[in-house]
Amino acid sequence: MAALGAAMSAADGLVPPEVPRARLLFAALRADPEVARWDRERWRGACEMALRTFSAPLLHAVLGRAGLLDQAPDEVVVRLARSRTWSAARWELLAEQSRALGEGMDAAGVRAVVIKGAHTGWLYADGGARGTADIDLLVAPGAVDAASRALIALGYEATAWEAHEDHRHLPPFLRAGGLPVELHRTLARRDEPATFVEGVDERLEPHPRAPGLLVMERTDALLYTIKHLAAHHRFETTNGIAGLADIGVLLEDIEPTVLLGRASEWGIARATTLSLALARDLLGAVVPDELLGSDPEGLREAEAAATATLLRGGWSATTRPLQLPASATLVPGLPVSGLAGPHPLRGLRRFVEHAALPLLDDLRTEFPRLGRTPAARLGYPLHWGRMAWRHAGLARLASPEVRRRLREGLERDRRTLAPWVGASG
5 MAALGAAMSA ADGLVPPEVP RARLLFAALR ADPEVARWDR ERWRGACEMA LRTFSAPLLH
65 AVLGRAGLLD QAPDEVVVRL ARSRTWSAAR WELLAEQSRA LGEGMDAAGV RAVVIKGAHT
125 GWLYADGGAR GTADIDLLVA PGAVDAASRA LIALGYEATA WEAHEDHRHL PPFLRAGGLP
185 VELHRTLARR DEPATFVEGV DERLEPHPRA PGLLVMERTD ALLYTIKHLA AHHRFETTNG
245 IAGLADIGVL LEDIEPTVLL GRASEWGIAR ATTLSLALAR DLLGAVVPDE LLGSDPEGLR
305 EAEAAATATL LRGGWSATTR PLQLPASATL VPGLPVSGLA GPHPLRGLRR FVEHAALPLL
365 DDLRTEFPRL GRTPAARLGY PLHWGRMAWR HAGLARLASP EVRRRLREGL ERDRRTLAPW
425 VGASG
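Next up, the structure:
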């Protein structure tokens, strides 16, 4: 009990005081004993924070496994269950798409590797616990054109309004009623040495559910999860909690000495230490003592900065802590990328199509309980209501004081994190 109490106090000290409900969310995600004694308001606070941070399916799974769902108010159970059902439906769709992608890539002679959430989500014990928004495929730089043609042959539309020549991945390929597919040409950041990639390629394994596709070996998948979350995005992402949960899942059956050795080879030793500490302190992940025997100087401050950054949802969603409770909603096809590209009017049209008038097949994906009947058209007003509800807090950005405070906090946390998330750290 003393150890549990220490873990709880360690996590509490990482949460910014201006986001008190985040402490409730992390306590629930750790299934802390205190959760069973919560009143209705605390349960509602944790639920709302889970919906804002796209971690509601995970929270439903954690509470169910711990036998704590029975303690929650009915309204909370319903909201979490709805999000879990939505996530599970997307995983059914993802499974179907992955099988088709495997057949298409195999026929085209392309070695395609499923990376990030579309791979790690299958490792969770609870179906639908890991929310996902797309399918990421890694192909060799010389195979990008062949892979693109294979996707188009499968009915995907290339959204190539922006060249992305110096980016890790191409703009997403979209298909009605399906998840977007992103083609990655490298695991490295821009201008970053990528000698570690050869070892990753040698250790690739067949996809367990999609013949014709490959996945990373477990330790490599863990390190790339850390690299993507910490070194690439510097924790400025809307699905950071999912990344930390992935770390906890991937840690099972990991050989600590192998992990530490490869982390050094990848140049992410300090980012690995920070990410493992966050997974342990925020989500209760079981981290072997060999990986976190003693906390290095400055780790605590870096954890607090990373936690604050995760809760902001990244600079693209810096108002998320200010927004009203949100549920999962359709995600427009990278409108910022489209509007910033060489064809802004085309990008604006695509944004309106996806945000305001999504295809009926996409609505059926978003609202699976409406089924394939004409009732699916009820998804339109539901979708519009969710969009308005989700973004109502954006009006707060009209305040110069709010903008100043958010920018100052972001820059402060970036300075704190810089020594921990650099390419050589």
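Adding 4 to a residue's 1-based position in the sequence shown gives its number in the numbering used here. Just so it is clear, CB atoms sit at the ideal spot from N, CA and C, and this is done for glycine as well.
Under 6 Å Cβ to Cβ from Q75, same chain only, skipping five residues before and after it: list those, please.
A40
Are the CB atoms of A32 and L67 within a distance shorter than 8 Å?
yes
I think G159 touches R189, with their Cβ atoms under 8 Å apart; what is that distance to the nearest whole Å?
Incorrect: roughly 22 Å between the Cβ atoms, too far for contact.
Expressed to the nearest angstrom, what Euclidean distance is found between the alpha-carbon atoms of E405 and E415?
15 Å
With distances taken Cα to Cα, identify the nearest neighbour of T229 among L263, R213, W47, E202.
L263
So, with DSSP's three-state summary, where would you put A321?
No answer about A321 holds up, because its pLDDT of 41 lies below 50 and its placement is not dependable.
Kindly indicate the opening and closing residues of the alpha helix (DSSP H) around A249.
244 to 254
By how many angstroms is the C-alpha of A60 removed from the C-alpha of D78?
15 Å
Under DSSP, the alpha helix (DSSP H) around V23 begins and ends at which residues?
Counting along the chain, V23 falls outside any alpha helix (DSSP H), and DSSP gives it neither H nor E.
Just to check my reading of the structure: W388 and A306 have Cβ atoms closer than 8 Å, yes? What is that Cβ distance to the nearest angstrom?
41 Å between Cβ atoms; not a contact.
Bridge partners - I139, DSSP secondary structure assignment
V185
Check whether the stretch 211 to 220 touches the stretch 127 to 140, counting contact only when three or more Cβ pairs, one atom from each stretch, lie closer than 8 Å.
no
Residues sharing a beta bridge with E161, DSSP
L178
Extent of the continuous alpha helix (DSSP H) to which L286 belongs
273 to 287
When DSSP builds the beta bridges, which residues end up paired with L3?
Since the displayed the chain opens at 5 and closes at 429, residue 3 lies outside it and no answer follows.
Candidates R25, R274, W42, R418: closest to T57 by CA position
R25
Assuming the contact rule is C-beta atoms closer than 8 Å, A249 and L287 should be a hit. Round their C-beta distance to whole Å, please.
6 Å
Residue closest to V114, alpha-carbon to alpha-carbon, out of A379, A150, R88:
A150
In whole angstroms, what is the alpha-carbon distance linking S428 and A275?
Low local confidence applies: a pLDDT of 45 at S428 is under 50, so the model's placement there is unreliable, and no value is given.
Exposure of E52, with buried meaning 16 or more beta-carbon neighbours within 10 Å:
buried
Note down, in chain order, each residue of its chain lying with its Cβ closer than 6 Å to the Cβ of K231, except the 5 sequence neighbours on either side.
I272
Nearest to R46 (by Cα), restricted to the options R94, L29, E301, E161
L29
Taking the alpha-carbon of E294 as reference, which of A267, T261, A281, P300 has the nearest alpha-carbon?
T261
Confirm, please, whether the CB-CB distance from P20 to A312 is below 8 Å.
yes
With burial defined as no fewer than 16 other Cβ atoms inside 10 Å of the residue's Cβ, what is the status of P325: buried or exposed?
Summary for P325: the model assigns pLDDT 37, below 50, so the residue's position carries little reliability; its value from the coordinates is reported in the next sentence. The residue in question, P325, is buried, as its Cβ has 16 or more Cβ neighbours within 10 Å.
DSSP-derived helix/strand/coil call for L483
Limits of the chain in this structure are 5 at one end and 429 at the other, which puts residue 483 out of reach.
Taking only the alpha-carbon atoms, compute the straight-line gap between V2 and T89 and give it to the nearest angstrom.
Outside the shown range of the chain, which is 5 to 429, sits residue 2, and nothing can be said about it.
Taking just the CA atoms, how far does G108 sit from H237?
31 Å
Between R34, R27, A65, which lies nearest to R4 when the distance is taken from Cα to Cα?
Limits of the chain in this structure are 5 at one end and 429 at the other, which puts residue 4 out of reach.
Which residues mark the beginning and the end of the alpha helix (DSSP H) in which W42 is found?
Run containing W42: none; DSSP gives neither H nor E here.
Suppose contacts are defined by Cβ-Cβ distances below 8 Å. Is A300 in contact with T277 by that definition?
The sequence shown places Pro at residue 300, rather than the Ala named in the question. Yes; because the gap between Cβ atoms is below 8 Å, this pair is in contact.
From what residue to what residue does the alpha helix (DSSP H) around Q101 run?
78 to 111
So, at 6 Å on beta carbons, what are the nonlocal neighbours of A283 in its own chain, with the 5 sequence-adjacent residues on each side left out?
L248, I251, G252, A289
Would you please state the rounded distance, in angstroms, between the beta carbons of L254 and L127? I believe it to be under 8 Å.
7 Å
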